[in-house]
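Visitor: The numbers in the sequence shown follow the numbering used here, run straight up by one, and end at 525.
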Amino acid sequence: MPSPHSTSNSTTRRRPNWSGTTRLANQPDSEPKDERAMNGTSSSDVEYRPIADLIDLSGRTAVVTGAARGIGQAICSRLAEAGATVVVADLDANAARETAEGLAGRWSADVRPFTADVTDSASVDELAEYADSIVGGLSVWVNNAGVYPTAPLADVSDADWERTLSITLDGTFYGCRAAAARMVRRSGRAGRVIINMSSLSGLRGRKNLVSYVAAKHAVTGLVRSLATELGGEGIRVVGVAPSVVDTSGMRKRRTEATPAEAARIQALEAASLAAIPLGRVGTVDDVAKAVLYLASDLSEYITGVVLPVDGGVSAS
Ligand SMILES: NC(=O)c1ccc[n+]([C@@H]2O[C@H](COP(=O)([O-])OP(=O)(O)OC[C@H]3O[C@@H](n4cnc5c(N)ncnc54)[C@H](O)[C@@H]3O)[C@@H](O)[C@H]2O)c1
210 MPSPHSTSNS
220 TTRRRPNWSG
230 TTRLANQPDS
240 EPKDERAMNG
250 TSSSDVEYRP
260 IADLIDLSGR
270 TAVVTGAARG
280 IGQAICSRLA
290 EAGATVVVAD
300 LDANAARETA
310 EGLAGRWSAD
320 VRPFTADVTD
330 SASVDELAEY
340 ADSIVGGLSV
350 WVNNAGVYPT
360 APLADVSDAD
370 WERTLSITLD
380 GTFYGCRAAA
390 ARMVRRSGRA
400 GRVIINMSSL
410 SGLRGRKNLV
420 SYVAAKHAVT
430 GLVRSLATEL
440 GGEGIRVVGV
450 APSVVDTSGM
460 RKRRTEATPA
470 EAARIQALEA
480 ASLAAIPLGR
490 VGTVDDVAKA
500 VLYLASDLSE
510 YITGVVLPVD
520 GGVSAS
């Protein structure tokens, strides 16, 4: 029986396949013979879109929370470079404006600041409504804002616990709900994806980080749960799990710590570094590149996973 993909057309015109995605009609000729033999399919079964097209986010609006500095800022930079209209959302209005201006200049891109508090669901809804009102509508939402206080269990006050859960977990939940509500309205639109910032602490236990570990495990749970719930709408939900990344937040945590806390943080960071097979801590761009991959059509069949960006820690 002939493949439903087979065609005699030899131009580079795109045509739909079963799933409604497209490929180049003349691609089979460029498929390596070995590949055909290995996968046992005829060459015409192979999807093909050029890499430049797969990674192009032009016409898509992306929101990143906690984006004024650190990992969030680096994510905004890569998304803007890939052509997205980017909304830099942060509690710190001045820093968000500076970041947006800097990235807009660097990439000649449409990068806009937005002051939002992820612990306030009304504020997150406003952010989503704003982003969705930009031409093309909301496509990519990155729940990045989070805090990572260290303390042994006995020293974690109710207020400490609530603050960590509020920013890191409630904020992520509000973001998922607000983003999904807008994305569902644009049924059929390609490229709708929610990306949650988990952590290695969202995949395994670590001492002196109880509220953070609990919150990030819940963030991992949100990814898995919502990927199954929203997949039918064509919306992907994924996460990334960095281990140790040198950011201003991490540096601030060190400088503002009491001597006892500083010793704990130093021990934690030294142990973390020693456990990294690639032998170095991560950079903000290591994480941003992984987020770009997950935000783009390069990963269009990937959902429900939390990708470790950890130099190999989680493999050991
Ligand atoms: N740095 C690491 O080693 C590391 C490792 C794993 C995961 N992560 C995660 O990556 C994310 C970013 O970490 P980072 O190190 O870049 O942080 P950071 O402290 O450098 O920056 C966090 C940003 O979030 C903003 N923010 C804080 N509370 C907010 C709120 N209520 N509403 C909106 N914005 C708010 C801050 O103003 C700041 O700009 C966090 O979720 C963190 O848990 C970081």
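The beta carbon of each residue, even a glycine, is placed where N, CA and C say it ideally should be. Note that the structure is a prediction, hence the values are computed from the model and not measured.
CB of residue 447 to nearest heavy atom of ligand 1: below 7 Å?
Guide: No, the beta carbon of residue 447 sits no closer than 7 Å to any heavy atom of ligand 1.
Visitor: For the region 379–465, list the alpha helix (DSSP H) runs that are entirely contained and at least 4 residues long, ordered along the chain.
Guide: Within the region 379–465, the complete alpha helix (DSSP H) runs of at least 4 residues are 380–394, 419–439, 457–464.
Visitor: Taking all protein chains shown into account, do 16 or more other C-beta atoms lie within 10 angstroms of the C-beta of residue 353, making it buried, or fewer, making it exposed?
Guide: Result: buried.
Visitor: Can the beta-carbon of residue 414 be found less than 8 Å from the beta-carbon of residue 454?
Guide: No, Cβ-Cβ distance for residue 414 and residue 454 is not below 8 Å.
Visitor: For residue 397, which option in 282, 427, 442 has the closest C-alpha, if you only look at C-alpha atoms?
Guide: Looking at the Cα atoms, 442 is the closest of the given residues.
Visitor: Could you check if residue 355 belongs to the surroundings of ligand 1, using beta carbon to heavy atom distance under 7 Å?
Guide: Flag set: Cβ of residue 355 near ligand 1.
Visitor: Locate the alpha helix (DSSP H) running through residue 468, then write down its first and last residues.
Guide: Run containing residue 468: 468–483, per the alpha helix (DSSP H) assignment.
Visitor: Write down the C-beta distance between residue 272 and residue 351 rounded to the nearest angstrom, noting that I regard them as a contact closer than 8 Å.
Guide: Confirmed, Cβ separation roughly 7 Å.
Visitor: Relative to ligand 1, is the shortest distance from any of its heavy atoms to the C-beta of residue 304 smaller than 7 Å?
Guide: Flag set: Cβ of residue 304 near ligand 1.
Visitor: Among the residues of its own chain, which have a CB less than 8 Å from the CB of residue 335, if the five just before and after it don't count?
Guide: Contacts found: 325.
Visitor: Using 10 angstroms around the beta-carbon of residue 510, count the other beta-carbons present and answer buried if the total reaches 16, otherwise exposed.
Guide: Looking at its Cβ environment, which holds fewer than 16 other Cβ atoms inside 10 Å, residue 510 is exposed.
Visitor: When burial is assigned at 16 or more other CB atoms within 10 Å of the CB, is residue 463 buried or exposed?
Guide: Exposed is the call here.
Visitor: Measure the alpha-carbon distance for residue 527 versus residue 410 and round it to whole angstroms.
Guide: Lying before the first or after the last residue shown, residue 527 is absent from the chain, which here runs from 210 to 525.
Visitor: For residue 304 and residue 278, what's the separation of their Cα atoms in angstroms?
Guide: Between residue 304 and residue 278, the C-alpha separation is close to 7 Å.
Visitor: What do you get for residue 529, buried or exposed, if any count of 16 or more other CB atoms within 10 angstroms of its CB means buried?
Guide: Only positions 210 to 525 of the chain appear in this structure, which leaves residue 529 out of reach.
Visitor: Are the region 470–484 and the region 357–371 touching by the rule of at least three beta carbon pairs closer than 8 Å?
Guide: Counting Cβ pairs under 8 Å, three or more are found: they touch.
Visitor: Residue 223 to residue 395, Cα distance in whole Å?
Guide: Summary for residue 223: the model assigns pLDDT 37, below 50, so the residue's position carries little reliability, and this model does not support an answer.
Visitor: By the three-class DSSP mapping on this structure, what secondary structure does residue 356 have?
Guide: Coil at residue 356, not helix or strand.
Visitor: Grouping DSSP H, G and I as helix and E and B as strand, with all else coil, what is residue 372?
Guide: Of the three classes helix, strand and coil, the one that applies to residue 372 here is helix, per DSSP.
Visitor: DSSP three-state label for residue 298, please.
Guide: Note: residue 298 maps to strand in three-state DSSP.
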